[in-house]
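Chemist: Pasting a structure here, questions to come.
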Amino acid sequence: MTAGEITCDTLFNGALSCSQHRHGYRFSLDAILLAHFCKPQPRDLVLDLGAGCGVVSLILAYRHPHLDLTCLEIQGPLAALARRNIEQNQLGSRMRLVMGDLRLIRELLPVGGFDLVVANPPYFPVTCGRLNPDEEQAMARHELCAALPDVVGAAAFALRVKGRLALIYPARRAEAMFAALRQHRLTPKRLRLVHPHPGAGATHMLLEAVKGGGEELSVPPPLYVRLTPGGEYSPELTSF
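Using the numbering used here, you'd call the opening residue of the sequence shown number -17 and step up by one each time.
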């Protein structure tokens, strides 16, 4: 596992600090988009599956001060960073870290114990693309420890009836995502496509699914990361 030099980055003009390994897996824009896509209700019990250093939960805790958040992470060094981030942001009363394998969630967490599950699953099957030589990054990006159906199945186990799953995933793998949701009786309810800039195809999708929900699907306007190729971030992104 990766261990070594740690950097401390800030969010919300320094209101949040987030420690990360300089040369291991580092959070990307995807995590920020997911955290802002979520629409938790006051007092929701939230589970962050594959939490990494805990950045999605940190943002949710900052933006929604009445949430109770649990971070589940399998990698020891990343779990240690999540604990560190919880402590240095003084969020121990509302955030906790559980180290373990989401495929064994039945041994770790209660069935139906959460109102909202958030996940940024590994994007690539093991057979797709080059594995990163850094183990921490490889496990976060490729399905080495858990495939997509494992992640969705863990979410379905953890959610109460009418509970919500929010995630970000490559748009080109939409059918794999919908198949996994159908397999575990989760219904897509809100879908937003992410485009690098106007005129470019969607690269990612932000998706909310409901356990035991109806058929209606809301499709908000696209989210554009930049105004032009390689140009400034869009007003929506700069407002985060």
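Cβ atoms here follow ideal geometry from the backbone N, Cα and C, with glycine treated the same way.
Kindly provide the ranges of any beta strand (DSSP E) runs that are 3 or more residues long and lie completely inside the region 133 to 200, ordered along the chain.
Modeler: Complete beta strand (DSSP E) runs here, min 3: 141 to 152, 168 to 177 and 186 to 193.
Chemist: Please classify His124: is it buried, with 16 or more other beta-carbons within 10 angstroms of its beta-carbon, or exposed?
Modeler: Its pLDDT being 41, under 50, His124 is placed unreliably in this model, and the coordinates cannot settle the point.
Chemist: Run the CB neighbour count on Arg155, radius 10 Å, all protein chains shown included, and call it buried at 16 or more, exposed below.
Modeler: Label assigned to Arg155: buried.
Chemist: With DSSP as the reference, identify every bridge partner of Glu55, one or two as the case may be.
Modeler: Note: Glu55 sits in a beta bridge opposite Met81.
Chemist: Within 10 angstroms of the Cβ of Phe(-6), are there 16 or more other Cβ atoms? Answer buried if so, exposed if not.
Modeler: Exposed, because fewer than 16 other Cβ atoms sit within 10 Å of the Cβ of Phe(-6).
Chemist: Mind checking His48: buried by the 16 CB within 10 Å criterion, or exposed?
Modeler: Under this definition His48 is an exposed residue.
Chemist: Which residues share a DSSP beta bridge with Ser(-1)?
Modeler: Thr(-8), per the DSSP bridge assignment.
Chemist: For His46 and Pro22, what's the separation of their Cα atoms in angstroms?
Modeler: Each residue's Cα considered, the two are about 8 Å apart.
Chemist: Report the partner residues of Asp50 according to the DSSP bridge assignment.
Modeler: DSSP lists Leu27 as partners of Asp50.
Chemist: Going by C-alpha to C-alpha distance, which of Leu51, Ile150 and Arg164 sits closest to Arg25?
Modeler: Taking only the C-alpha atoms, the option nearest Arg25 is Leu51.
Chemist: Starting from Ala128, follow the beta strand (DSSP E) in both directions and report where the run begins and ends.
Modeler: No beta strand (DSSP E) contains Ala128, which DSSP labels as neither H nor E.
Chemist: Decide yes or no for the touch test of the region 72 to 81 against the region 8 to 19: beta carbon pairs closer than 8 Å, at least 3 of them.
Modeler: Output reads no: the region 8 to 19 does not touch the region 72 to 81.
Chemist: Cβ of Ile(-12) less than 8 Å from any chain C Cβ?
Modeler: Protein chain content of the structure displayed is limited to a single chain, and chain C is not contained in it.
Chemist: Under 8 Å, do Glu55 and Ala43 count as touching if we go by C-beta distance?
Modeler: No, the Cβ-Cβ distance between Glu55 and Ala43 is not below 8 Å.
Chemist: Count the other CB atoms, across all protein chains shown, that sit within 10 Å of the CB of Pro104; report buried if there are 16 or more and exposed otherwise.
Modeler: Result: buried.
Chemist: Could you give the distance in angstroms between the alpha-carbon of Ala134 and the alpha-carbon of Val176?
Modeler: Note on identity: in this sequence residue 134 is Val, with Ala being the wrong assignment. Straight-line Cα distance between these residues: approximately 21 Å.
Chemist: For the beta strand (DSSP E) containing Val99, name the first residue and the last one.
Modeler: Per DSSP, Val99 belongs to the beta strand (DSSP E) from Phe96 to Ala101.
Chemist: Looking only at its chain, what residues have a beta carbon closer than 7 Å to the beta carbon of Leu219, apart from the 5 residues adjacent to it on each side?
Modeler: Closer than 7 Å at Cβ, skipping near neighbours: Val207.
Chemist: Does the beta-carbon distance from Lys226 to Gly195 come in below 8 Å?
Modeler: Absent from the structure is residue 226, since the part of the chain shown begins at -17 and ends at 222.
Chemist: Looking at the secondary structure, which residues open and close the alpha helix (DSSP H) in which His18 lies?
Modeler: That run of the alpha helix (DSSP H) goes Leu11 to Phe19.
Chemist: Measure the C-alpha to C-alpha separation of Tyr7 and Leu31 and round it to an integer number of angstroms.
Modeler: If you take the alpha carbons of Tyr7 and Leu31, they lie about 16 Å apart.
Chemist: Within 10 Å of its beta-carbon, does Asp97 have 16 or more other beta-carbons around it, so buried, or fewer, so exposed?
Modeler: Counting Cβ neighbours within 10 Å, Asp97 comes out buried, since at least 16 surround it.
Chemist: Using only the alpha-carbon positions, how far apart do His179 and Leu15 sit?
Modeler: Cα to Cα, the separation comes out at about 15 Å.
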